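Written out below as structure tokens is the structure these notes cover.
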Amino acid sequence: MLSGLVIVDKPQGWTSHDVVGRMRRLAGTRKVGHAGTLDPMATGVLVVGINKATRLLTYIVGTSKTYTATIRLGQSTVTDDAEGDVIAAAGTSGVSEQGIHDGVAALTGDIQQVPSSVSAIKVNGERAYARVRSGEDVKLAARPVTIHRFEVHAIRRDPEADVVDLDVTVECSSGTYIRALARDLGNALGVGGHLTALRRTHVGPYSLDQARTLDQLAEELNVLEMSQAARALMPNRELSAEETTEISFGRRIAAGAVPGSPDAATADHPAAAFAPDGSLVALLADAGSFAKPVLVFAPGNGAPPVRNPVEG
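The numbering used here numbers the first residue of the sequence shown as 2 and each following residue consecutively.
Quick look at the structure:
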């Protein structure tokens with residue numbers, strides 16, 4: 002059975018769900034999922050899992066992301082991006098380059114970010130964007146995110162439209178909204194702002210260099226095999242033949258690292274364990290003097306993996 006990750010270069014105008022639907026048809030299976038939504042306006046890296054590889058997606062969702070984007074200062078929109086109507090405009094003649102860099106610096110590091118009101122976050126069981134579209138005034142709570150890098154590459158002024166466009170790169174933690182960064186930068190400068198272009202270039206270890214368009218994938222379904230995907234994503238542990246047998250039956254083996262040490266694997270951040278032939282056997286977490294399987298993969302026979310809860 003075909004299993005692995007597909008690194009898709011999502012086209013503009015497609016939802017992430019649209020891409021999953023297309024991949025189901027290309028892969029000939031219903032068991033397809035993605036590791037982190039991209040807005041329809043955005044393009045770039047969307048990691049898709051097929052069959053058994055969908056079990057890896059939960060560990061990809063929380064990885065850091067990198068984007069290139071264009072921020073327009075001087076206009077605010079209802080959606081904080083170019084898909085929404087402009088609701089306010091302000092002159093940008095007083096916006097200095099130093100002010101822009103100071104505003105960017107203030108939004109770098111650990112910050113509290115209020116997501117866009119038209120995000121997919123659920124409020125009392127309903128998506129925030131659905132509530133906004135029905136006319137409700139939605140206020141979402143701020144949440145902690147980390148902006149590892151926020152670089153301005155170009156500042157372009159348009160005197161006729163009285164706006165300033167910024168080309169930027171943002172590397173950030175999972176859960177960050179780039180359009181909220183655009184909004185907050187514009188608000189800090191007193192002129193408003195929104196996002197006009199967004200392209201995701203990295204999701205964890207997976208990059209745009211590995212991505213294929215849907216048209217390319219229709220011609221050749223380029224799949225990153227499970228073992229390769231896990232090797233790039235997680236710390237690696239090479240098992241002996243005896244350890245491989247024990248883990249395959251869901252039994253524990255000697256720990257790979259001292260619990261609590263930086264190298265220790267946990268249930269949330271497991272190690273990928275490989276058989277002597279290089280195949281992916283399991284995901285492991287260190288607990289005391291032992292390593293226990295978080296997830297065991299059946300050895301290539303198409304059977305579903307066996308989940309083992311890690312004991313404390």
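Yeah, the Cβ is synthetic: ideal placement off N, Cα and C, and Gly gets one too.
This one's a predicted model, so the numbers in the text were calculated from it and none came from an experiment.
Can you give, in chain order, each stretch of the alpha helix (DSSP H) that sits fully within the segment 234 to 286 and has at least 4 residues? Taking only runs of at least 4 residues, the alpha helix (DSSP H) segments lying wholly in the segment 234 to 286 are 242 to 249.
Ignore the nearest five residues each way along the sequence and tell me which others in Gln13's own chain have a CB closer than 8 Å to its CB. By 1-based counting over the sequence shown, the position of residue 13 is 12. Only Pro41, Met42, Ala43 and Thr44 meet the Cβ criterion.
Taking the continuous alpha helix (DSSP H) assigned at Ser17, which residues delimit it? Indexing the sequence shown from 1 puts residue 17 at position 16. Start and end: Ser17 to Ala28.
Exposure label - Gly37; buried when at least 16 CB within 10 Å: For this step, residue 37 is matched to residue 36 along the sequence shown. Counting the other CB atoms within 10 Å of its CB gives Gly37 a total of 16 or more, which places it among the buried residues.
Which residues mark the beginning and the end of the alpha helix (DSSP H) in which Arg31 is found? Mapped onto the sequence shown, residue 31 falls at position 30. Unbroken run through Arg31: none, as it is neither H nor E.
Which of the three DSSP states, helix, strand or coil, is assigned to Asp81? Residue mapping note: residue 81 aligns to position 80 of the sequence shown, counting from 1. Three-state DSSP puts Asp81 in coil, outside helix and strand.
Just to confirm, are Leu225 and Val282 a CB contact at a threshold of 8 Å? In the sequence shown, counting from the first residue as 1, residue 225 sits at position 224. In the sequence shown, counting from the first residue as 1, residue 282 sits at position 281. The beta carbons of Leu225 and Val282 sit no closer together than 8 Å.
Let me know the secondary structure DSSP gives Lys11 once reduced to three states. Mapped onto the sequence shown, residue 11 falls at position 10. Collapsing the DSSP output to three states places Lys11 in a strand.
Could you name the residues of the same chain whose beta carbon sits closer than 8 Å to that of Ala162, not counting the 5 residues immediately before and after it, in chain order? Here the question's residue 162 lines up with position 161 in the sequence shown. Taken in chain order, the residues that qualify are Gly75.
Report the rounded CA-to-CA distance for His203 versus Arg213, giving the unit in angstroms. Position 202 of the sequence shown holds residue 203. Position 212 of the sequence shown holds residue 213. CA-CA distance, His203 to Arg213, rounds to 13 Å.
Boundaries (first-last residue) of the beta strand (DSSP E) holding Asp111: By one-based count along the sequence shown, residue 111 stands at place 110. Run containing Asp111: Gly110 to Gln114, per the beta strand (DSSP E) assignment.
Considering only the beta carbon of each residue, do Leu57 and Ala230 sit closer than 8 Å? Position 56 of the sequence shown, counted from the start, is the residue given in the question as residue 57. Position 229 of the sequence shown, counted from the start, is the residue given in the question as residue 230. Cβ distance < 8 Å, so Leu57 and Ala230 count as in contact.
Nearest-angstrom Cβ-Cβ length linking Gly34 and Thr55, presumed shorter than 8 Å: Along the sequence shown, read from residue 1 onward, the residue named residue 34 stands at position 33. Along the sequence shown, read from residue 1 onward, the residue named residue 55 stands at position 54. Taking 8 Å as the upper bound for CB-CB distance, Gly34 and Thr55 are in contact here, some 5 Å apart.
Confirm, please, whether the CB-CB distance from Val153 to His195 is below 8 Å. As a working mapping, residue 195 is identified with position 194 in the sequence shown. As a working mapping, residue 153 is identified with position 152 in the sequence shown. Inclusion of His195 and Val153 in the CB contact set at 8 Å is not warranted, their separation being larger than that value.
Give the list of continuous alpha helix (DSSP H) stretches no shorter than 4 residues that lie fully inside the segment 156 to 213. Here the runs fully enclosed are 179 to 189.
For Glu247, which residues of its own chain have a beta-carbon under 7 Å away from its beta-carbon, when the five flanking residues on both sides are left out? Start at 1 with the first residue of the sequence shown, and residue 247 comes out as number 246. Closer than 7 Å at Cβ, skipping near neighbours: Ile254.
Please report the straight-line C-alpha distance between Glu243 and Lys11, rounded to a whole angstrom. Looking up residue 243 in the sequence shown gives position 242. Looking up residue 11 in the sequence shown gives position 10. The alpha-carbon atoms of Glu243 and Lys11 are separated by roughly 43 Å.
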